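Numbering (this note's numbering), first residue to last: 2 to 225.
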């Protein structure tokens with residue numbers, strides 16, 4: 002993949018949550034299977050698990066129960082009593098994430114999260130002690146139009162006083178790719194080559210190669 006021109010001043014890296022910060026497939030599977038079983042439905046099909054992986058909880062429930070309006074309403078009601086901390090334990094942090102976030106912070110690069118998660122995000126931030134690593138977190142509750150609408154990224158850029166050329170958005174799904182495209186922010190495909198248009202990385206450490214060296218105070222060459 003091509004490196005960014007040296008005159009491109011990357012000031013901020015925006016991360017999706019599920020599939021990028023964490024391997025969350027099993028956590029999502031567990032949550033939605035519990036809801037399905039509670040209303041008498043069979044466990045989720047694989048396409049339903051994949052859908053829930055990148056959409057809001059309301060969108061996911063609507064998709065899962067799209068042929069049964071009564072069960073959909075029951076599932077939404079049950080959701081109000083869910084303690085998301087019971088499912089966060091199934092999340093697995095992606096390798097080298099904290100190391101790279103620390104490097105970016107040392108180099109003066111802003112870090113933000115842009116996720117379609119809702120009320121579960123504060124619990125995730127607390128459990129994994131992510132507060133010091135990020136300047137801003139935007140969930141589906143913080144915007145009128147969640148991803149792939151550009152509102153969430155535009156909100157981050159405005160708050161951090163940045164323009165679109167100064168940001169990278171790291172995502173793993175077609176929803177993420179469309180979000181980046183909608184606001185013309187450069188997209189980094191994480192572990193999903195099928196959606197890569199420019200940059201593809203298999204490990205968070207590889208992201209450092211796309212941050213112009215002049216922006217970093219220190220870069221340990223052994224990382225690469």
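For every residue, glycine included, the Cβ atom is placed at its ideal position computed from N, Cα and C.
In this text the structure is predicted, and so the values were computed from the model without any measurement.
Between the region 122-131 and the region 53-68, are three or more C-beta pairs nearer than 8 Å?
no
If we count the other Cβ atoms within 10 Å of its Cβ and call it buried at 16 or more, is residue 147 buried or exposed?
So residue 147 counts as buried.
List the endpoints of the continuous alpha helix (DSSP H) containing residue 125.
DSSP places residue 125 inside the alpha helix (DSSP H), whose first and last residues are 122-128.
Can you tell me whether residue 197 is helix, strand or coil according to DSSP?
coil
Starting from residue 42, trace the alpha helix (DSSP H) both ways and give me its first and last residue.
First-last for residue 42: undefined, no H or E at that position.
Is it buried or exposed, residue 122, if we count other Cβ atoms within 10 angstroms and call 16 or more buried?
With 16 or more other Cβ atoms within 10 Å, it is buried.
Going by Cα to Cα distance, which pick from 34, 131, 167, 145 is closest to residue 102?
The option with the nearest alpha carbon to residue 102 is 131.
With residue 86 as the anchor, note down where its alpha helix (DSSP H) starts and where it stops.
86-89
Let me confirm a value: residue 71 is counted as buried when at least 16 other C-beta atoms fall within 10 Å, else exposed. Which label applies?
exposed
With which residues is residue 169 paired in a DSSP beta bridge?
14, 187
Taking three-plus beta-carbon pairs below 8 Å as touching, is the region 80-88 in contact with the region 24-35?
By the Cβ criterion, the region 80-88 is in contact with the region 24-35, since at least three pairs of Cβ atoms, one from each stretch, lie closer than 8 Å.
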